Each structure stands twice: as structure tokens, then as C-alpha cells.
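Trainee:
As C-alpha cells, then:
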């Protein structure tokens, strides 16, 4: 929303959200405010951030142009000051290594892969491929 308000035109956006109601909210906003944009919806960040399909997903997504924005949020229970009690393994304030909050690094991984793919395409262009 903030990027739209300052006039940034988004052409290719990936959203990662498991909750259908939240996906619907984003879908409706995109249709209303960025109808020209290619909106790629993912149910689970883990589907694109790990495994052998990771590079394939990134390459196929970027084959038609650069990705301008990756939207999503990892659960924050493990880093919240409100979560002081550890009731199960990995719960409580265990930081980014917690069972839930470690998903933050899945977004970092996608961005790293996008950067690598962009650099690969630039190298190919520079050698005339």
C-alpha cells in the first residue's frame, strides 16, 4: 500500500500467504490498485524457498521480467516480547531459530535467488546470449 501511495508502479508481485481470507484481501487490493501487475500467489513460502524446484520457480517467474516485490510475513511468536514462556520445543522467545520465526529466512532465500538469477541474465546479455 505504501509503495502505491508514493507512486511506485509494481509490475510483478509474489505474495505468500497460507490464509485464504488474507490472500483474498491482497488479491482484491491488487485488482483495484494494480490491475496491470502480474500477481503470483503462493500458498506457502516453503514451496518456493527450498528444494530442487527453487531455482526452477525463480527462473520461470523471472523469465517474463523482474520481480518487483515479494510480500509475506513469517510468524513472529518466537521473537515477540509478549512470548515469554516456552511451552513446547521451539516456542517461547527463541529468536529466528524458533519453529515459526525461522521462516523469515525463506524470504531472504527467495530474494537471494532472484538476485542470482538477475545477475545470471545480465552476464548472458553481456556476452550476447
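Residue numbers (the working numbering): 62 to 190.
Where is the CB? At the ideal position from N, CA and C, for every residue including glycine.
Everything numeric in this text was worked out from a predicted model, so none of it was measured.
#1: Based on the DSSP output, what are the partners of residue 77 in its beta bridges?
#2: Using beta-carbon positions only, say whether residue 122 and residue 100 come within less than 8 Å of one another.
#3: I need the straight-line Cα distance from residue 66 to residue 132, nearest angstrom please.
#4: If I measure Cβ to Cβ from residue 172 and keep anything under 6 Å in the same chain, skipping five residues before and after, which residues do I get?
#5: For the alpha helix (DSSP H) that residue 97 lies in, which residues bound it at each end?
#6: Could you give the distance in angstroms between the alpha-carbon of residue 185 and the alpha-carbon of residue 124?
#7: Could you check the C-alpha separation between residue 90 and residue 84 for me, to the nearest Å?
#8: So, is residue 78 buried or exposed, given that buried needs 16 or more other C-beta atoms within 10 angstroms?
Mentor: According to the structure shown:
#1: For the purposes of this step, residue 77 is taken as the residue at position 16 of the chain shown. Answer is 103, 133.
#2: Along the chain shown, one-based indexing puts residue 122 at 61. Along the chain shown, one-based indexing puts residue 100 at 39. Not in contact: residue 122 and residue 100 (Cβ atoms no closer than 8 Å).
#3: For the purposes of this step, residue 66 is taken as the residue at position 5 of the chain shown. For the purposes of this step, residue 132 is taken as the residue at position 71 of the chain shown. Cα to Cα, residue 66 sits roughly 16 Å from residue 132.
#4: Along the chain shown, one-based indexing puts residue 172 at 111. Contacts found: none.
#5: Against the chain shown, residue 97 aligns to sequence position 36. First-last for residue 97: undefined, no H or E at that position.
#6: Stepping through the chain shown from its first residue, residue 185 is reached at position 124. Stepping through the chain shown from its first residue, residue 124 is reached at position 63. If I take the Cα positions, the gap works out to 13 Å.
#7: Along the chain shown, read from residue 1 onward, the residue named residue 90 stands at position 29. Along the chain shown, read from residue 1 onward, the residue named residue 84 stands at position 23. Roughly 10 Å between the two C-alpha positions.
#8: In the chain shown, residue 78 corresponds to position 17, counting from 1. Residue 78 should be labelled buried.
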